[in-house]
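Numbering (our numbering), first residue to last: 383 to 473. The beta carbon of each residue, even a glycine, is placed where N, CA and C say it ideally should be.
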Amino acid sequence: MRINEPNRVGMINAYNKTGNNQVGKSGKIPMGKDEVNISTEALEMQKQVEDVNSPQRREKVEQLKKQVEEGKYHVSSERIADKLLSFWKKL
383 MRINEPNRVG MINAYNKTGN NQVGKSGKIP MGKDEVNIST EALEMQKQVE
433 DVNSPQRREK VEQLKKQVEE GKYHVSSERI ADKLLSFWKK L
């Protein structure tokens, strides 16, 4: 078995040539522009996160916590059923 065959050098040069095609005159590899696309769902999620941190939202949460602690917070079973049905209909 020959390890140093003369024909193998040509094959190595073929691989070296492929890397040289990408380099321009300035010696730098040309770069494409990056682009980001944000879906409408992601924008809605971002808006909801911003709404959670709003002062009005915090005040409402504090009022609800106080009502729960005092035992004055009650939700009708009809409202719960309506919300569950609307959720399952979306799926």
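Simplified DSSP assignment, three categories, for S468: Position 86 of the sequence shown, counted from the start, is the residue given in the question as residue 468. The answer is helix: DSSP assigns S468 an H, G or I state.
E417 in three-state terms, based on DSSP: Locating residue 417 in the sequence shown gives position 35, where the first residue counts as 1. Correct three-state label for E417: coil.
Under DSSP, the alpha helix (DSSP H) around K448 begins and ends at which residues? Here residue 448 corresponds to residue number 66 of the sequence shown, with the count starting at 1. Start and end: P437 to E452.
By DSSP, does V457 sit in helix, in strand, or in coil? Residue mapping note: residue 457 aligns to position 75 of the sequence shown, counting from 1. Looking at V457 - three-state DSSP - the assignment turns out to be coil, as it is neither helix nor strand.
Below 8 Å on the Cβ atoms is my guess for Y455 versus L446; work out the distance and round it to an integer in Å. In the sequence shown, counting from the first residue as 1, residue 455 sits at position 73. In the sequence shown, counting from the first residue as 1, residue 446 sits at position 64. About 6 Å; that satisfies the 8 Å criterion.
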